[in-house]
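J.: Structure below; questions to follow.
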Amino acid sequence: MRETGKRRWAAPAVLGAAFLLAALCIPSFRHPKIYLTILKNGAYNGIMALGLLFVLLCGEIDLSVSAQLSFFGVLCAVLLKKGVPVLLAALIMLAAAVLVGFLVGAAVGRLRVNSVIATIALGVALEGLTYILADGMPVYNLPEQFTALASWKPLHLSQPTIAWFLLALFTALVLRQTYWGRFFCAVGRNPLAAERAGVPVARTKESAFALCSLYCGVCALVYTAQIGLAPLRDSSNAGVSVLAIAALGGVSFSGGRGRVVPVFCAALLLSGLSSAFIVLRVPSYYQNCIKGAIIFFAILTKIPGSKFCPP
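The numbering used here applies: residue 97 is where the sequence shown begins, and numbers increase by one.
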């Protein structure tokens with residue numbers, strides 16, 4: 097087997113070994129139902145991590161995913177409360193998500209604004225707009241036609257899990273079978289060389305941020321339908337979790353390298369770790385400590401010249 101083949105199976109092998117160890121040590125992990133819960137809980141951050149993958153491949157970063165999750169959820173909920181049909185409200189919200197991502201992508205790609213500064217500013221602005229739209233209160237009592245979507249479970253798979261699977265398949269097809277997928281990696285590796293080779297660097301970054309925001313909108317849609325309300329703030333600290341998933345999934349934060357399967361497995365691994373913490377009654381704030389350590393050491397192993405980075 098070639099070295100590339102070995103690496104391709106590394107992430108699923110680590111995930112399988114981790115769940116096997118958990119099943120041996122924790123009795124609750126021997127029941128199939130807990131894995132459906134792990135899939136459902138991992139879907140939310142997993143969807144946003146897939147969207148962030150496009151941005152990271154371009155050598156940029158989006159720190160506003162948590163604010164986008166809250167804003168798009170409130171936007172959809174407000175539209176529903178005003179009597180807009182469910183399908184139309186969802187389409188309007190997703191269109192707004194694409195527009196938001198396109199605008200921040202244009203600022204980064206055409207105006208040369210640093211992506212860290214641009215997305216922090218976007219997050220602050222969206223947080224304020226969220227409170228304005230909702231009048232400072234979470235949006236409750238959503239229409240039954242919308243919340244009923246959460247009860248649709250074909251093959252016992254929840255709605256977020258199905259959306260996650262479909263978006264993972266779509267992302268893999270885009271990255272492996274389209275020119276745009278190659279453009280993302282080319283821009284991340286060397287934007288100057290990519291531009292000289294005819295790659296539309298600015299449009300590639302715009303599409304990357306637009307896709308990231310679109311995935312955040314899809315996550316907001318399924319999340320709001322599942323819990324039956326639109327909170328003003330993301331209490332789960334999704335931004336940290338999404339970055340941890342990307343780092344654990346081997347995505348290069350300097351751009352040009354990243355695959356769907358490792359990111360998918362990393363989301364499942366973190367979701368399983370959170371479930372293990374709950375079963376073992378470990379305080380929740382320890383999870384952020386572990387996620388922070390994962391981000392730090394994962395990035396440290398990718399810094400050229402670091403003694404932790406293999407040659």
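Beta carbons: idealized from backbone N, C-alpha and C, even for Gly. A quick note: this is a predicted structure, and the numbers were derived from the prediction, not measured.
How many Å lie between S367 and F266 at the Cα?
T.: As a working mapping, residue 367 is identified with position 271 in the sequence shown. As a working mapping, residue 266 is identified with position 170 in the sequence shown. Those two C-alpha atoms are separated by around 22 Å.
J.: Where do the N-terminal and C-terminal ends of the alpha helix (DSSP H) with P287 fall, by residue?
T.: Translated into the one-based positions of the sequence shown, residue 287 becomes position 191. Start and end: P287 to R292.
J.: Are S303 and E223 touching if we call contact CB-CB under 9 Å?
T.: Locating residue 303 in the sequence shown gives position 207, counting from the first residue. Locating residue 223 in the sequence shown gives position 127, counting from the first residue. No, Cβ-Cβ distance for S303 and E223 is not below 9 Å.
J.: Shortest alpha-carbon distance to F280 belongs to which of K177, L153, I134 and V200?
T.: Here the question's residue 280 lines up with position 184 in the sequence shown. Among K177, L153, I134 and V200, the Cα nearest to that of F280 belongs to L153.
J.: Let me check understanding here. Comparing Cα to Cα, which of L183, K249, L120 and A192 lies closest to L132?
T.: Counting from one through the sequence shown, the residue named residue 132 turns up at place 36. Of L183, K249, L120 and A192, the residue nearest in Cα terms is K249.
J.: In terms of residues, what are the limits of the alpha helix (DSSP H) holding W105?
T.: Start at 1 with the first residue of the sequence shown, and residue 105 comes out as number 9. W105 -> no alpha helix (DSSP H), and no H or E assigned at all.
J.: Distance, Cα to Cα, A230 vs K177?
T.: Along the sequence shown, one-based indexing puts residue 230 at 134. Along the sequence shown, one-based indexing puts residue 177 at 81. Answer to the nearest angstrom: the Cα atoms are 11 Å apart.
J.: The alpha helix (DSSP H) that contains C172, what's its start and end?
T.: Position 76 of the sequence shown holds residue 172. From DSSP, the alpha helix (DSSP H) with C172 extends over V161 to K177.
J.: By DSSP, does V64 sit in helix, in strand, or in coil?
T.: Because the chain spans 97 through 407 in this model, residue 64 falls outside it and cannot be assessed.
J.: Out of curiosity, what's the CA-to-CA distance linking A290 and R353?
T.: In the sequence shown, residue 290 corresponds to position 194, counting from 1. In the sequence shown, residue 353 corresponds to position 257, counting from 1. Approximately 15 Å, taken between the alpha carbons.
J.: DSSP on V235, reduced to helix/strand/coil?
T.: Numbered from its first residue, the sequence shown carries residue 235 at position 139. In the structure shown, V235 sits in a strand (DSSP, three-state: E or B).
J.: Determine the extent of the alpha helix (DSSP H) in which C154 is found, giving its start and end residues.
T.: The residue you call residue 154 lines up with position 58 of the sequence shown. Element bounds for C154: n/a, residue is neither H nor E.
J.: Would you mind sorting R208 into buried or exposed? The rule is 16 or more other CB atoms within 10 Å of its CB.
T.: As a working note, residue 208 is residue 112 in the sequence shown. Exposed, by the Cβ-count rule.
J.: Please report the straight-line C-alpha distance between G49 and L238, rounded to a whole angstrom.
T.: What is shown of the chain runs 97 to 407, which leaves residue 49 out entirely.
J.: Between I335 and Y140, what straight-line distance do the alpha-carbon atoms span, to the nearest angstrom?
T.: As a working mapping, residue 335 is identified with position 239 in the sequence shown. As a working mapping, residue 140 is identified with position 44 in the sequence shown. First, the residue type needs correcting, since residue 335 is Gly and not Ile in the sequence shown. Computed Cα separation, rounded: 11 Å.
J.: Got a sec, what are the start and stop residues for the alpha helix (DSSP H) F373 sits in?
T.: Taking the first residue of the sequence shown as 1, we reach residue 373 at position 277. Segment V356 to V375, the alpha helix (DSSP H) holding F373.
J.: Looking at the secondary structure, which residues open and close the alpha helix (DSSP H) in which I341 lies?
T.: To locate residue 341, count along the sequence shown from 1; it is residue 245. Segment A334 to L344, the alpha helix (DSSP H) holding I341.
J.: Does the Cβ-Cβ distance between M144 and F168 come in under 9 Å?
T.: Reading the sequence shown from its first residue, position 48 is the one you call residue 144. Reading the sequence shown from its first residue, position 72 is the one you call residue 168. No.
J.: Short of 7 Å in beta carbon distance, which residues of its chain neighbour V295, apart from the five on each side in sequence? Order them along the chain.
T.: As a first step, residue 295 is located in the sequence shown; it is residue number 199 there, counting from the start. Contacts found: F279, A282 and V283.
J.: Taking only beta-carbon positions, decide if P239 is within less than 9 Å of chain B.
T.: The structure shown contains no chain B; it holds only a single protein chain.
J.: If you draw a straight line from the C-alpha of R355 to the C-alpha of I157, how long is it?
T.: Taking the first residue of the sequence shown as 1, we reach residue 355 at position 259. Taking the first residue of the sequence shown as 1, we reach residue 157 at position 61. For R355 and I157, the distance between alpha carbons rounds to 16 Å.
J.: Quick check on this structure: which residue in V110, V318 and S162 has the alpha carbon closest to the alpha carbon of A244?
T.: Residue mapping note: residue 244 aligns to position 148 of the sequence shown, counting from 1. Closest by alpha carbon: V318.
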